[in-house]
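When we follow the numbering used here, the leftmost residue of the sequence shown carries the number 1, and every step to the right adds one.
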Amino acid sequence: MKFQHFVCLILILSSCSKQKLATEIQGDFNDPNWIKLALTNEREIHAIFGSIEDTLLVSTIYNTYQITENGKKIVKLKKAFNQAVFGFVKSNDTLYALTANHLKYNNGLRFASYAQNFSLDNGLSWNWTDLRKNNADLRKKFQEVVVSDKLSFSIKENIAPFPNSPNSGKVLKSDLIKNQIGFQSIFKLPFNNQITSLHLDHSGRLYVSTTAALHNQETKEYSNSEKENLAFIFISKNKAEDLANTN
1 MKFQHFVCLI
11 LILSSCSKQK
21 LATEIQGDFN
31 DPNWIKLALT
41 NEREIHAIFG
51 SIEDTLLVST
61 IYNTYQITEN
71 GKKIVKLKKA
81 FNQAVFGFVK
91 SNDTLYALTA
101 NHLKYNNGLR
111 FASYAQNFSL
121 DNGLSWNWTD
131 LRKNNADLRK
141 KFQEVVVSDK
151 LSFSIKENIA
161 PFPNSPNSGK
171 VLKSDLIKNQ
181 IGFQSIFKLP
191 FNNQITSLHL
201 DHSGRLYVST
211 TAALHNQETK
221 EYSNSEKENL
231 AFIFISKNKA
241 EDLANTN
């Protein structure tokens, strides 16, 4: 699939949809390594599952979308959750939605848990269950993706402590960290939106989801919000291993 064709399809379909899924206006974003997709009036994207080339499931704080047929078919799913979904986990033929933004692992990365809903049709419809919600295997780290034994990407949260209050502070823009052969470095991104989660698809492409919040590039402090509360998904054009060599 050519991504240029995908962009055109998304723009055509979005014009017929009340809740638009669209790329930015042509020419507004032109990056050699990333593709930018947007959801309007959603403010925050939290969970991504699947692949843009197959079935992509996207969760915001309000809704869940299923994108199939290389972007030709976009379905806003019937609302099944009372809160945001922070991760999707598939076990055998069952897909679980994890609705709790849980405690951190020892490495300081957050994970999603609490499988309150499950789907048997790749997210098109959801059912409620209390039988499997405490299954320890139904967890997902959404702030880290492991590409290989030599490469991973993770999200580093940044907090500026308030004066005389070391236990609280101002939330700054998070960084994307490249962990490669034992060395860590900040991986530069072509946008200033707050990062929410990472995803690696079966083709090895990296997905980065964001909120509508914009941050100052130098101070990392919040500065403004996107018009129409646009939240984004950035998809690497190539495999994450190749992306890692770009900066």
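Glycine included, C-beta positions come from ideal geometry on N, C-alpha and C.
Here the structure is a predicted model, which means the values were calculated and not measured.
query                                                                                            : result
CB contact flag (Val147, Leu206, <9 Å)                                                           : yes
Nearest to Ser154 (by Cα), restricted to the options Leu138, Ile195, Thr211 and Tyr65            : Ile195
Three CB pairs or more closer than 8 Å across the region 88–106 and the region 38–58             : yes
Residue burial classification, Val85 (beta-carbon count within 10 angstroms, cutoff 16)          : buried
6 Å CB neighbourhood of Glu226 in its chain, flanking five on each side removed                  : Ala212
Per-residue DSSP class, three states only, for Glu228                                            : helix
Thr246 - DSSP class collapsed to helix/strand/coil                                               : helix
Per-residue burial, His202 [other beta carbons within 10 Å of its own, 16 or more giving buried] : exposed
Inter-residue Cα distance where the pair is Asn193 and Asp121                                    : 32 Å
Any 3 or more C-beta pairs closer than 8 Å across the region 168–187 and the region 109–121      : no
Asn30 versus Lys140, Asn127, Leu189 and Lys79, residue with shortest Cα-Cα distance              : Leu189
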